[in-house]
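280 is the number that this note's numbering gives to position 178 of the sequence shown; each next residue is one higher, with no gaps.
These notes concern the structure reproduced below.
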Amino acid sequence: MSRYNLFPRIGANRFANLLTLCSLSFIFLAITTVETFGQSSSGRPVARLITASRGAEPQQTQHRVAARPAVMAASIAPVAATSLERQAFNAINSERARNGLPPLVWDGELCRVARRHSENMGRLNFFDHQGPDGTDLLDRVSGINWKALGENIAYNQGENDPAGTAINQWMHSPKHRGNILRRNFTHSAIGITRTADGRVYLTQVFITR
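Below, the structure written as structure tokens:
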């Protein structure tokens, strides 16, 4: 029986086929400061929007504001896409084409970043933009030059087409769709991992160079 997760939406027929939809979405637009919005009081992940524009107003009640100075770090070695990662990436560009947007350029550095996060989620059995050690996307891309930054993640199990399922759910979630169809993003990559028990984790990272 198919089962998949994508926060924060739960489908209307939540009891049919024991389906759970869960989704998370991040977007970073960097200038000087970063506004980060907290988790819900229940501790479950919530959709978050992170912006970094001078003088921006808080978007949610719980937030913190912190300066992020530029840090020089070793470069990230690029990796080639697997066939499933390339299939998912091409599907994302098809969605952009249908909406009159230019295609994203594949980025091997971002693929390594995205794949590592998917692997960590599978290995450590968590599903969030932030790792158990407190690191987040800003930490993971240290060493990559970017002007704007975004991330979508997804998790499913038992799907014949795990990439297609994730992309379909992203396109029906306003914040995930917003990342996919953001005109100013220029480069992207998807990192996918499958665990021994069949869980599939997908991470897509977007940047403007």
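For glycine and all other residues, C-beta sits at the position ideal for the given N, C-alpha and C.
Asked, Found
"Terminal residues of the alpha helix (DSSP H) in which PRO193 lies", "Position check: residue 193 holds Ala in this sequence, whereas Pro was assumed. Residues 185-200."
"ASN247 versus GLY224 - alpha carbon distance", "27 Å"
"Stretch pair the stretch 253-262 + the stretch 180-192: three plus CB contacts closer than 8 Å", "no"
"Inter-residue Cα distance where the pair is ASN227 and GLN189", "25 Å"
"Assumed close pair HIS231, ILE255 - CB separation to whole angstroms, cut-off 8 Å", "6 Å"
"Cβ-based burial, ASN286 [other Cβ within 10 Å; buried from 16]", "exposed"
"Spatially closest choice to VAL215 from ASN195, GLU253, GLU197, ARG200, by CA coordinates", "GLU253"
"Cβ-Cβ distance between HIS289 and ARG311 below 8 Å", "yes"
"Length of the line joining the Cα atoms of LYS249 and ASP238", "17 Å"
"Per-residue DSSP class, three states only, for VAL243", "coil"
"Cβ neighbour criterion (16 or more within 10 Å) applied to ARG242", "buried"
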